[in-house]
Every structure is written in C-alpha cells, then in structure tokens.
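First up is the structure itself, then whatever we jot down about it.
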Amino acid sequence: MTKADRPDHPNAASRFNEEKATYALKGADAPDLQAGIAAIRKVARSLPVRPGVYRMIDARGDVLYVGKARALRNRVTQYTQVVRQPKRLQRMVSQTRSMQIVTTNTEAEALLLEAQLIKRYRPPYNVLLRDDKSFPFILLREDHAFPRVQLHRGARRYKGQYYGPFASAGSVRETLNALQKLFLLRSCSDSFFANRSRPCLLYQIRRCSAPCVGRIDETGYDELVRDAKDYLAGRSTKVQTKLQGQMTRASEAMDFELAAVYRDRLRALTYIQGTQAIHAEKLGDADLFALACKGGTMCIQAFFIRGGQNWGHRSFFPAHTNDVPEAEVLQSFLAQFYEEVPPARLILTDRGLPEAALLEEAFSERAGRKVMLKTPQRGDQARMIRQAKRNAEEELERCLAETSTMARNLREFADLFELAEPPQRIEVYDNSHVMGTSAVGAMIVAGPEGFRKNAYRKFNIKRPETVPGDDFAMMREVLGRRFARLEKEDPDRSKGEWPDLMLIDGGKGQVSSVCEVMEDAGVHDVPVIGVSKGPDRHAGRETFHFSNGRELTLPPNSPVLFYLQRLRDEAHRFAIGAHRQKRAKNLVTSTLDDVPGVGPGRKRALLMHFGTARAVKAAALEDLEKVPGISRTTARGIYDYFHPGS
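For the sequence shown, the numbering used here gives the first residue as 100, with consecutive numbering after it.
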C-alpha cells in the first residue's frame, strides 16, 4: 500500500476536510511565491512539447494540483507568469516546491489520466467530484442455466449483462421489482436455488416462475430472459405487443387462468411506462447534466436515460469551485464522473464546454464506441435539459437553506458550550453490546456540511483489561485508541482530523472516563459534553454534562436540541449496526476456525463426519483418525487443541 492509498493520508479519497485549500507552514516550507516560480521554471526547462499530465507538489510531498496539457512545456511555463493567474492559482504556485510529469501519446489520454489522478489524490486546487461512491447496476447473470437478476456494485467479476448506471439503489430496486412482476425471473442465490424442494413465497405471489422446482423448463425461462433484455434495452413496445398476443391466444384457447397471468403482466408494464418522470422514448441511451450556481455554491443535476427509460437522477455538489468558471467546473466534473462509469452514447449538457471535442474523443476511446456531446437549443432534448436545470436550481435552494440552518445551529453551539468559534468537526461516541458480548464502540463525525460518513469509525473492544459490559471501561478504551492514533498520525493538527467538540452518549461517569483518557494523553483543549436521557428516558428532556461538573437542559422546542438529538440518534444507529454485524459474524463462526492446521476443506470433512463442532470437540483420537482427509498427525493436533495436557 502506497502512502497516498492509506485512508489516513491527507491526499486519500477518504480525507475529511476537502474545502481547506491552504494550511499553515513555518520556516522555509511556508508559502513563497518566488520559491514556487523557481521550482516550476526548473522543471519547465526540461519538458517536451508533447501531451501529458503534471502534478504540483508541496514541501510535505502532498499533491496540490493535477493538470493536463497538449504541450507540457508551454502549459507549465504559464504558471511562472503569476500576474495572469487568478488568486487561487497564485496561492497554489506559492506552495509548489516540485513537480511530477507523465507524458502521453494524445491529449485525450492525458484527459483520462488527469481524471484518474484527481480521483486518487483529491488535490485541494482541483474541482472535485465530492460524491464519488460507486453507482449501482442491474446484473443479469449468465453463469447459470437459469440466469439470476440482482443489484450489483463494484468490479464486474461475474459473467452476464450489466445495465446502468442507476441514480440510486432505490431506483434499482424499483426496476428489479418491475422485472419480477413482468418476467418472473429468479432473484435468489445459487445455494438457495439448489436446495429448494417446493416453491417459495415469490412464486405464490407471482413474482417468480420457480425454475428451482421445475415449474418452468430451461427453454421457457430463456424466453423470459430474452423479454427482460428487450425491456431493459428500451424495446418495451415489442414486449407489450408480445404479451398482448399471448393473452389473446390464451383467451381463444379458453385458458383463462393463463390469460389472467398475461393480463396482470401487461398491466404492470403499462403502469411502469406511465410512471417515468421524464418521457425520453426517442433518446435511447443518454445522460443529461445541468448546473446551477448561487452564492458560490454549485449543484449539478444528472439524469440517466437508458433504452428510453428514466433510471433516476442525482444531485452533485462539486468542491473547490471558487473562482472557477461554471463551464470549466462542469467539464472537470464530467471527466471525473466517467472515470469509472461507462459513458452513454449521448451526453447532453445545459451549456457549451471549452473542450467538448476533446471530451468526446476521450469518452469514445474509453467506451470503445462513438460518444456524442451536445448542448441542445430546441426540441425535446432542450425541453428535458430545461427540466434538469429546474431540478438543479431547486436542489441548490434546498441545500443552501439547510446550510444556513446548520450554520445557525453551529453558532448557537459555540455560545451554548462556550466554544471560541463554531465547531467545524464534531465527533460523537457511543457503545453497543448485549450483556458484554460482541461489544463495539462507534464514532460518527459531523460538520457544517452535515454528516461525514467517510469519517465514521468503529472500534472492536479487544483489550483484556476491559471488563465485558463495563461502559466506562469501553469508553476509555475507545478514546484511548482514538487519541493515541491522532497523536501519532497528526501531532501538529494540520490535517483537520482533530475534533473541535466531542459528544459522549452518557452522563457524569462517561464524561469522567473520557477526561481521564484525555488527561493521560495530554489533551486539554478539546471540549467534552455528555448527553444523558432525561427522566424515564424521555426524548426532549436530555441533560448535558460538562467536564467541570456543570449541567444544562434545553427547552423541548429548541432547534439546537433537535440537532443534538439527530447527532445522538445517528451515533446510536451506527453503533447498533456495527454491533449487529459483529454478532451476525460471530453466529456463523465455528470453534474449528481457530484449530491450527484445519482449513475450509478439513473443517467441511469434520462437520460432514461428526455433524457438529461440539461433536468434533468431544471425539476420541481414534474417531478423528477415521475422518476422510484427516491424517494421523492432524488428528493428534485437533485432539490436543481441545484436550490440552491430556
């Protein structure tokens, strides 16, 4: 793992404070415009006049900026003419101390590499696609005689047809629900499929054709799969005509029960066709993008059209957009967006882009087919772009309203908890366990932009001295490990990972435990507040405990109280979820997993022979030697593990 791949590194994809483009450095490493110009000139003299990608590096070795160029020498030399650069780039030059160069064959290759490096390093002076989590797809697996339809994220490891991207998992589930109603395709796992002796509930409610028990043969199921592919490819009219014909033939043959099945499927298809938010039958495969800007904040609305069907929309709020032209922001966004998502055949934008032809070339090269970029001015395409633009403006208004409310809450936080300024990073801690078992600690993080879910952390309680079920000891372990890591990885507090305020779920005891840990770590400037439930654990009557013993209650209708309850409830949710995951994992583990020399194959052989792990533990040495695949030496090792000293 390289330095930049570590999650704690300031250039890693999971870093928390992306909006802070500058930081404090002292001595020779402090920002110096002349030193930056000298470093750039030194590199520019040896650069070729050919396409490539350059990286600006600061004194700490962190990437400040990634750019691409048709002619590297000409582009990099421009940074030495600082009077022509905006203030943002002048600050970048003042922090630059070295550069890294990669040459490419074409400018299109440079564009693709630039997007890849921006996504990897997340430099503070590049426009960033902040919401870069993977998009869900529908996967029609073809590695089984009866293909399965399922939601899929991540790498394409399975053989089959991938349809997407969808805007959200909810959009995928709606489409999967439609596919089950229309085409009765199975959604169960292969192991579930192989062990059925009678149809499951999905067959009873007409959501599956039950191929697992032979209610449909392979030929009939293949026909359903072909119809599903036609539907997902946008040929729903063909499917509708086919269903109408099948319903008519069944009626004429007096098979009214079968005709009713076709009728229900036809009604489902008609309903789905009528619920599309954007009617885009003529578009085929297309992505629509529109940008809205207000008060220095930008929102990009994306609609995904596949096969003439609307597969959902999503809003994006790119970071580091100050002093960057709107068209350039949209262009940089598209380059990063399609770094992993396959581009549609048609990409529609609400404005012209500076390098539209270059984007077309790069996207076509990546997709292996022609990709067209258009800015429609009239007709149906322009109408849909206007609708996307309205969505972007409305979403931006909602975001700004929420941000304004959040800023007001944080200002009141500062007054309420006697902070020097509104907190930029709030950490909330909670524990979860059942009678001391499967114990976990949880940390959530919130700031002016809301919850920072990529900063959440869970802590498995594992120290021998921590008594199971002792909440005070669990909190001491969690905070001890947390501050030990902070002191090791960010001792000068320059990465924005130190909390401005800590909220602890609990009362005086928990606060005292945390203060002891912080005292031992030499941390005296991070405020700690305990949140305990009121009488009868009544929400709205919480008491807030300060480290100096002071207590505070807020009016039941206080907006700050509502926000604090949201923080506490989110910590509860995350802690309970982590505990349930650990408990579920413990339920499927076996005592055989810890036996030296026993892997999956021998474990399977032992369980097949004895039936249970308990029976293996109680077995005599002679019985263990009789198990197929277990040698005498292995049997002796298993027996000695369960009978030490025998």
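A virtual CB, placed ideally from N, CA and C, is assigned to each residue, including glycine.
Computed from a predicted structure; not experimentally measured.
Nearest to residue 557 by C-alpha distance, out of 680, 534 and 458, is 680. At a Cβ-Cβ threshold of 8 Å, residue 198 and residue 136 do not count as neighbours.
Taken in chain order, the unbroken stretches of beta strand (DSSP E) that lie wholly in the region 636-712 and span 3 residues or more are 642-645 and 650-652.
A distance below 8 Å between beta-carbons, with the five flanking residues on each side excluded, links residue 327 to the following residues of its chain, in chain order: 239, 248, 278, 281, 282 and 284. Its chain contains 660 as the residues whose beta carbon lies nearer than 8 Å to that of residue 654, once the 5 sequence neighbours on both sides are disregarded; these appear in chain order. Per DSSP, reduced to three states, the secondary structure at residue 517 is coil, with no helix or strand assignment. In summary, residue 619 is exposed, with fewer than 16 beta-carbon neighbours lying within 10 Å of its beta-carbon over all protein chains present.
Non-local C-beta neighbours of residue 255 in its own chain, meaning closer than 7 Å and more than five positions away in sequence, comprise 261, ordered along the chain. Excluding sequence positions up to five before and after residue 523, its CB lies within less than 7 Å of the CB of 546, 547 and 599, all in the same chain and listed in chain order.
In the three-state DSSP reduction, residue 732 falls in the helix class (H, G or I). Taking C-beta atoms as the reference points, residue 429 and residue 403 fail to come closer than 8 Å.
Under the 10 Å beta carbon count, residue 469 is surrounded by fewer than 16 other beta carbons and is classified as exposed. Taking the Cα of residue 129 as reference, the smallest distance to any Cα among 161, 194, 181 and 490 is reached at 194. Residue 721 and residue 707 have their C-alpha atoms roughly 17 Å apart. With 16 or more other Cβ atoms from the protein chains shown falling within 10 Å of its own Cβ, residue 420 counts as buried. In the DSSP annotation of this structure, the continuous segment of the beta strand (DSSP E) that includes residue 199 starts and ends at 197-202.
In this structure, residue 226 lies away from residue 414, with their beta-carbon atoms at least 8 Å apart.
The Cβ neighbour count for residue 730, taken over all protein chains shown within 10 Å, is under 16; the residue is labelled exposed.
Distance from the Cα of residue 509 is smallest, within the candidate group 551, 658 and 543, for 658. Per DSSP, reduced to three states, the secondary structure at residue 526 is strand. The closest CA to that of residue 409, considering only 265, 234, 160 and 684, is found on 265. Contact holds between the region 140-153 and the region 174-182, because three or more Cβ pairs, one in each stretch, are under 8 Å apart.
For residue 286, the three-state secondary structure derived from DSSP is coil.
Here DSSP, grouped into helix, strand and coil, assigns residue 411 to strand. Between residue 445 and residue 473, the C-beta spacing is below 8 Å. The Cβ atoms of residue 555 and residue 539 do not sit closer than 8 Å to each other. A Cβ-Cβ distance of about 16 Å is found for the pair residue 536 and residue 563, leaving them out of contact under the 8 Å criterion.
Cα atoms of residue 245 and residue 295: separation of roughly 14 Å, rounded to the nearest angstrom.
The count of Cβ pairs closer than 8 Å, one atom from the region 606-626 and one from the region 639-647, reaches three, so the stretches are in contact. Under the 10 Å beta carbon count, residue 310 is surrounded by 16 or more other beta carbons and is classified as buried. Three or more pairs of CB atoms, one per stretch, sit closer than 8 Å, so the region 358-365 contacts the region 341-350. Nearest C-alpha to residue 401 among 492, 289 and 458: 492. The region 664-680 makes no contact with the region 710-728; the number of CB pairs closer than 8 Å stays below 3. About 45 Å separates the beta carbons of residue 287 and residue 396, which is beyond the 8 Å limit, so they are not a contact pair. By the C-beta density criterion, residue 417 is buried, having at least 16 other C-beta atoms within 10 angstroms.
Closest option to residue 519, judged by alpha-carbon separation, among 626, 589 and 664: 626.
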